[in-house]
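J.: The numbers in the numbering used here rise by one with no breaks, and the one at position 61 of the sequence shown is 481.
For glycine and all other residues, C-beta sits at the position ideal for the given N, C-alpha and C.
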Amino acid sequence: MKKQILKIVLVVLCVFTSLYPIKYFFGPINVGLLATKTQELLADSLWNIGFYGHITFGGLALLVGWIQFNKRIRRKYIKIHRVIGIIYALSVLISSICGIYIAFFATGGILTRLGFIFLGMVWLGSTIYAYASVIVGNLLEHQKFMLYSYATCVAAVSLRLWLPILLMFIEDFIIAYSIVAWLCWVPNLFIAYLINRKLNSKL
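1) Under the assumption that G478 contacts G529 (Cβ atoms under 8 Å), give the Cβ distance between them as a whole number of angstroms.
2) What whole-angstrom Cβ distance do L482 and T547 have, given they're in contact under 8 Å?
3) At 4 residues or longer, what runs of the alpha helix (DSSP H) sit wholly inside the stretch 520-559?
4) Using the Cα positions of V577 and A552, report the straight-line distance between them to the nearest angstrom.
5) Tell me whether R494, by its Cβ, gets closer than 8 Å to a heavy atom of the ligand ZN.
6) Roughly how many angstroms lie between the CA atoms of E591 and S516, to the nearest whole one?
7) Please report how far the alpha carbon of I664 lies from the alpha carbon of L439, in whole angstroms.
8) Return the CA-CA distance between L480 and F589, expressed in angstroms with no decimal places.
9) By Cβ distance, which residues of its chain are closer than 6 Å to S598, with the 5 residues on each side in sequence left out?
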């Protein structure tokens with residue numbers, strides 16, 4: 421029962437967070453994260469393509485990704501599973517590459533930038549490996565690395581949960597943001613590793 425409740429809570433958080441980018445399209449130009457950026461950067465066309473590409477396709481990946489872990493849909497509606505898988509993989513491809521690019525301009529200095537760059541690389545790499553695994557028929561590896569992929573995707577949720585908590589104890593936003601650049605995804609990967617290890621022990 422507790423496990424089911426946790427799943428529902430996670431899905432709700434993922435769905436709500438996936439809709440978060442909407443405010444950047446309809447809100448004022450200095451809304452949210454954009455308020456920390458310089459006018460010069462906000463006027464940069466390439467950065468804007470990277471930013472909006474990242475949040476749009478990242479939101480889409482977050483919105484559809486959790487469906488892939490529903491056993492009923494996966495087994496009963498194989499075609500739907502495949503279509504959603506392609507949508508997810510393409511969304512990750514675009515969002516992660518855009519994310520890696522804009523990470524070089526992240527607020528908070530080198531530590532923050534490295535955190536988000538590595539996040540993008542792990543997200544992209546795990547997704548490519550998961551997709552390649554299913555093509556060659558290695559379903560176990562596909563399942564394992566899709567979990568790693570979505571664990572890094574859920575960093576969008578984790579960041580928004582951890583940052584307010586950190587700011588309760590750390591007054592300096594730059595320091596808190598530098599920490600959350602790693603905290604939003606490294607623990608997620610560790611949890612995914614534990615789940616995969618548990619699955620392996622059942623085989």
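T.: Taking the definition as stated:
1) One-based indexing of the sequence shown puts residue 478 at position 58. One-based indexing of the sequence shown puts residue 529 at position 109. Not quite, the Cβ-Cβ distance comes to about 23 Å (not below 8 Å), so this is no contact.
2) Within the sequence shown, the letter at position 62 stands for residue 482. Within the sequence shown, the letter at position 127 stands for residue 547. The Cβ separation is near 13 Å, so there is no contact.
3) 530-555
4) Taking the sequence shown and counting its residues from 1, the one referred to as residue 577 is at position 157. Taking the sequence shown and counting its residues from 1, the one referred to as residue 552 is at position 132. Going from the Cα of V577 to the Cα of A552 covers about 27 Å.
5) Judged by which ligands are present, the structure shown has none, so any question about the ligand ZN falls away.
6) In the sequence shown, the residue the question calls residue 591 occupies position 171. In the sequence shown, the residue the question calls residue 516 occupies position 96. E591 and S516: Cα-Cα distance of roughly 30 Å.
7) Residue 664 lies beyond the residue range present for the chain, which begins at 421 and ends at 623; the question has no answer from this structure.
8) For the purposes of this step, residue 480 is taken as residue 60 along the sequence shown, with counting starting at 1. For the purposes of this step, residue 589 is taken as residue 169 along the sequence shown, with counting starting at 1. Using only the alpha carbons, I get a separation of about 33 Å.
9) Your numbering for residue 598 matches position 178 in the sequence shown. Result list for S598: G528, L531, T532, in chain order.
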